[in-house]
Amino acid sequence: ETGVTQTPRHLVMGMTNKKSLKCEQHLGHNAMYWYKQSAKKPLELMFVYSLEERVENNSVPSRFSPECPNSSHLFLHLHTLQPEDSALYLCASSQTLAARTDTQYFGPGTRLTVL
Amino acid sequence: DAKTTQPNSMESNEEEPVHLPCNHSTISGTDYIHWYRQLPSQGPEYVIHGLTSNVNNRMASLAIAEDRKSSTLILHRATLRDAAVYYCILRQAGTALIFGKGTTLSVSS
Chain A
-6 ETGVTQTPRH
4 LVMGMTNKKS
14 LKCEQHLGHN
24 AMYWYKQSAK
34 KPLELMFVYS
44 LEERVENNSV
54 PSRFSPECPN
64 SSHLFLHLHT
74 LQPEDSALYL
84 CASSQTLAAR
94 TDTQYFGPGT
104 RLTVL
Chain B
419 DAKTTQPNSM
429 ESNEEEPVHL
439 PCNHSTISGT
449 DYIHWYRQLP
459 SQGPEYVIHG
469 LTSNVNNRMA
479 SLAIAEDRKS
489 STLILHRATL
499 RDAAVYYCIL
509 RQAGTALIFG
519 KGTTLSVSS
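Okay, here's the thing in structure tokens:
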């Protein structure tokens, strides 16, 4: 049990669909992250939130839209995705963004397939 | 971002020690060295971190070179469950973890 949960665990969607990925952390952390992991590639950082404010957006296409309504929840809204967006989407959290000693805790990921 | 270099893959036998190397010649004085691992079909998990001194915990040991330009993650007795991708990451203040390709560790019985 890592304290970070993600739903759904698997998602298949068409290119015209709109869906949302949900992440919840039960650790009282103040920073949350979205990563993308495509097949055979390293994790790519997508978005960073600290104290519910977005502090980093790594050139992610606008078809991915994050939302952080409170410090425990993070969403990734998806619309008009492309097949190349099929990947494992991982959420993580840490106590703070600032401390170099903070550990990031990851959820199990959502396996997304875009048809 | 400060870079790390790791071998693409390593092999080990069960119950033997494993030394996973990492080079980080451009490390700054305030960067912490973190190690994470990712088991198949799971998200990454924290293993260990350190700054200058060697560190031990229940999972592994971290040996840091005196000049901090390299480090080694030591698994004292590898098990089949240790087969994973191991990532060496330099953690800077105010940033998220940036992952490289890591080292894929295979463990044979």
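Those protein sequences? They're chains A and B, same order as listed. Counting in our numbering, the first sequence runs from -6 upward without gaps. Counting in our numbering, the second sequence runs from 419 upward without gaps. Glycine included, every Cβ here is placed at the ideal spot set by N, Cα and C. For clarity, every value in this text was computed on a predicted model and none was experimentally measured.
Distance between A/Thr(-2) and A/Gly102, taken at the CA atoms: about 8 Å. In the structure shown, A/Arg47 adopts extended strand secondary structure according to DSSP, grouped into three states. By a beta-carbon distance limit of 8 Å, A/Leu71 does not contact A/Cys16. Their separation comes to about 13 Å. Less than 8 Å divides the Cβ of B/Tyr454 from the Cβ of B/Tyr505.
As DSSP reads the structure, A/Glu17 sits in a beta bridge with A/Thr(-2) and A/His66. Closest option to A/Arg104, judged by alpha-carbon separation, among A/Gly7, A/Leu14, A/Met8 and A/Asn10: A/Leu14.
For the options A/Leu44, A/Leu69 and A/Glu49, the alpha carbon positioned closest to that of A/Asn63 is the one of A/Leu44. Between the alpha carbons of A/His3 and A/Thr96 lies a gap of roughly 26 Å. In the three-state reduction of the DSSP assignment, B/Leu498 falls in the helix class.
Contact of B/Pro462 with chain A is assigned, a C-beta pair being separated by under 8 Å.
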